[in-house]
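Novice: Here it is: the structure, laid out below.
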Amino acid sequence: MRLPLPRRFAQCLLLYCILIPLSLAAGTPLQPLIDAALPGATLQLPAGHYSGPVVIDKPLTIDGGGQAIIDGGGQGTVVTIETDGARLSNLRITGSGDRHNELDAGILVTGKFNVVKDNMLDDVLFGIALHQSEHGIIRRNHIRSKRREVAQRGDGIRIWYSSSNKVMQNQVTDARDLIVLDSHDNSLTGNRVEGGRYSLHVVNSQGTRIQGNRFVGNEAGIFTLKTNGLVIRDNMVAEIKDVTGVGIGLKESSSAVIEGNRILNVTIGIALDLSPEDETLPNQVRDNLIAYSTVGIQFLSDRGGNQLSSNHFQNNFIQVAVRNGGGAMKNQWRGNFWSDYAGFDRDGDGTGDTPYELHAYADQLWLDYPSTQFFIASPTFSLLDFLERLAPFTEPRLMVRDSDPVYTTQEGTVAASQEAESTTCSLC
Numbered sequence: 000m001r002l003p004l005p006r007r008f009a010q011c012l013l014l015y016c017i018l019i020p021l022s023l024a025a026g027t028p029l030q031p032l033i034d035a036a037l038p039g040a041t042l043q044l045p046a047g048h049y050s051g052p053v054v055i056d057k058p059l060t061i062d063g064g065g066q067a068i069i070d071g072g073g074q075g076t077v078v079t080i081e082t083d084g085a086r087l088s089n090l091r092i093t094g095s096g097d098r099h100n101e102l103d104a105g106i107l108v109t110g111k112f113n114v115v116k117d118n119m120l121d122d123v124l125f126g127i128a129l130h131q132s133e134h135g136i137i138r139r140n141h142i143r144s145k146r147r148e149v150a151q152r153g154d155g156i157r158i159w160y161s162s163s164n165k166v167m168q169n170q171v172t173d174a175r176d177l178i179v180l181d182s183h184d185n186s187l188t189g190n191r192v193e194g195g196r197y198s199l200h201v202v203n204s205q206g207t208r209i210q211g212n213r214f215v216g217n218e219a220g221i222f223t224l225k226t227n228g229l230v231i232r233d234n235m236v237a238e239i240k241d242v243t244g245v246g247i248g249l250k251e252s253s254s255a256v257i258e259g260n261r262i263l264n265v266t267i268g269i270a271l272d273l274s275p276e277d278e279t280l281p282n283q284v285r286d287n288l289i290a291y292s293t294v295g296i297q298f299l300s301d302r303g304g305n306q307l308s309s310n311h312f313q314n315n316f317i318q319v320a321v322r323n324g325g326g327a328m329k330n331q332w333r334g335n336f337w338s339d340y341a342g343f344d345r346d347g348d349g350t351g352d353t354p355y356e357l358h359a360y361a362d363q364l365w366l367d368y369p370s371t372q373f374f375i376a377s378p379t380f381s382l383l384d385f386l387e388r389l390a391p392f393t394e395p396r397l398m399v400r401d402s403d404p405v406y407t408t409q410e411g412t413v414a415a416s417q418e419a420e421s422t423t424c425s426l427c
């Protein structure tokens with residue numbers, strides 16, 4: 000028996016409404032278009048939804064015009080570049096797999112001279128991964144990992160055994176880390192990283208250049224391990240959440256230049272652990288602003304080899320701390336500003352008449368006895384510190400001596416404080 004026409008029409012319309020969205024969600028397969036293109040060709044994708052994963056194995060330019068979406072459908076890496084000289088731009092890339100052991104990513108790049116720029120990546124485990132890739136450019140991409148606890152996400156940008164790449168002006172939000180592993184002479188400039196774990200983690204990657212980045216609201220700042228010849232310059236590191244969060248940390252790293260950075264409202268401004276590893280290759284720490292932090296700079300031992308000059312230590316609870324006893328006298332201190340300097344500048348030459356000296360009183364007690372850290376701002380702790388300064392039971396240990404401290408008038412100190420405060424407020 001045949002159905003009445005209106006009923007048949009209604010059923011067909013319902014079927015159409017179900018199947019068409021499903022076909023749109025699946026998207027147009029992109030791999031056949033890539034396979035059919037000649038090397039050196041440009042694929043200007045019309046606006047629409049394209050299905051991945053895809054592999055680019057020849058030098059192509061693929062441009063999405065800001066309206067094309069490549070969706071991996073939750074399977075593996077969405078786009079893999081296995082060639083030299085490919086360009087990928089103006090695409091939205093989404094829907095990678097979720098396997099950490101397979102490094103499921105939005106974009107995986109191998110080969111040389113590849114360019115990935117102006118893309119939007121979201122709902123991807125790892126964002127952009129460079130593996131054994133050289134002379135590439137990763138620029139102006141917006142990257143967001145999958146919605147998970149921070150440790151369960153993937154890295155926003157991952158550089159592994161890859162050299163001489165430029166990572167510039169990317170925005171990474173709610174990923175795990177930016178990480179550079181066993182890779183040399185890469186530069187990371189003008190990037191913004193928020194809501195992650197390590198702002199930037201550099202391991203055994205000599206000659207890495209880190210400049211003009213903004214790392215705000217992560218659990219840790221810049222941390223390096225066994226990496227020599229670093230340049231860390233003109234970065235903003237602020238609002239580190241973790242109770243052990245470090246703005247800039249060096250472990251077993253030599254010949255670093257740490258210059259012109261602004262480190263605000265963190266737990267430990269700069270941490271140096273067995274750095275420099277080779278004391279004949281000193282680290283240069285100069286012209287940095289370290290303000291409103293629990294500890295300005297912390298050493299994990301009393302070994303020396305660091306040259307610290309023209310830094311601005313502003314209103315940190317403890318300016319300098321040394322773990323495991325000892326002091327920081329084996330390092331060179333010269334021409335730094337200390338907000339707690341109590342001397343004068345009678346001749347008006349901008350240098351204090353007497354050296355800045357920092358001794359270990361009760362305020363340093365928590366370094367030797369970490370369990371007392373809970374009481375660090377308590378009235379009892381403050382009273383104990385006051386009494387020890389007033390009438391010390393033993394000669395206090397000299398921690399730091401800066402022979403030429405920068406002297407600033409009260410007006411200058413207020414201006415510096417206002418600048419640091421305004422910078423901090425602008426991050427909110």
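Final position of the sequence shown in numbering that gives the first Met the number 0 is 427; the numbers increase by one with none missing. We treat Cβ as the ideally placed atom computed from N, Cα and C, and that holds for glycine.
#1: Please specify which runs of the beta strand (DSSP E), each continuous and at least 3 residues long, are wholly inside the segment 160 to 208, giving them in chain order.
#2: From ASN100, ASP83, ILE142 and PHE112, pick the residue whose C-alpha is nearest to that of ILE106; which is it?
#3: Can you tell me where the beta strand (DSSP E) holding ALA67 begins and where it ends?
#4: Considering only the beta carbon of each residue, do ILE80 and THR109 sit closer than 8 angstroms?
#5: Let me check one thing: in DSSP terms, what residues is ASN282 bridge-paired to?
#6: In angstroms with no decimal places, state the Cα-to-Cα distance between ILE239 and LEU180.
#7: Quick check: the Cα distance between ALA429 and LEU32, rounded to an integer number of angstroms?
#8: Helix, strand or coil: how does DSSP classify ILE257 here?
#9: Are the beta-carbon atoms of ILE317 and ASN287 separated by less than 8 angstroms?
#10: Would DSSP call GLN74 helix, strand or coil?
#11: Quick one, are the C-beta atoms of MET235 and VAL265 less than 8 angstroms apart?
#12: Quick one, are the C-beta atoms of GLY295 and VAL256 less than 8 angstroms apart?
#13: Alpha carbons only, please: which of ARG91, ALA237 and ASN282 is nearest the one belonging to ASN227?
#14: Please report how far the alpha carbon of ASP344 lies from the alpha carbon of LEU397, in whole angstroms.
#15: Skipping 5 residues on each side, what residues in its chain have a beta carbon closer than 6 angstroms to that of LEU120?
#16: Give the secondary structure of ASP348 by DSSP, where H, G and I count as helix, E and B as strand, and everything else as coil.
#17: Which of the three DSSP states, helix, strand or coil, is assigned to GLU33?
#18: So for ALA327, helix, strand or coil by DSSP?
#19: Within the same chain, show all residues whose beta-carbon is closer than 8 angstroms to that of ILE55, passing over the 5 residues directly before and after it, in chain order.
#20: So, are the CB atoms of GLY189 and GLN168 less than 8 angstroms apart?
Specialist: According to the data block:
#1: 165 to 167, 170 to 172, 177 to 180, 186 to 188, 191 to 193 and 197 to 202
#2: ILE142
#3: 60 to 70
#4: yes
#5: ASN305
#6: 23 angstroms
#7: With the chain running from 0 to 427 in the structure shown, residue 429 is simply not present.
#8: strand
#9: no
#10: coil
#11: no
#12: no
#13: ASN282
#14: 23 angstroms
#15: ILE92, GLY105, GLY126 and ILE142
#16: coil
#17: The sequence shown places Ile at residue 33, rather than the Glu named in the question. Looking at ILE33 - three-state DSSP - the assignment turns out to be helix.
#18: coil
#19: ILE33, ILE61, VAL78, THR79, ILE80, GLU81, THR82, ALA85 and LEU87
#20: yes
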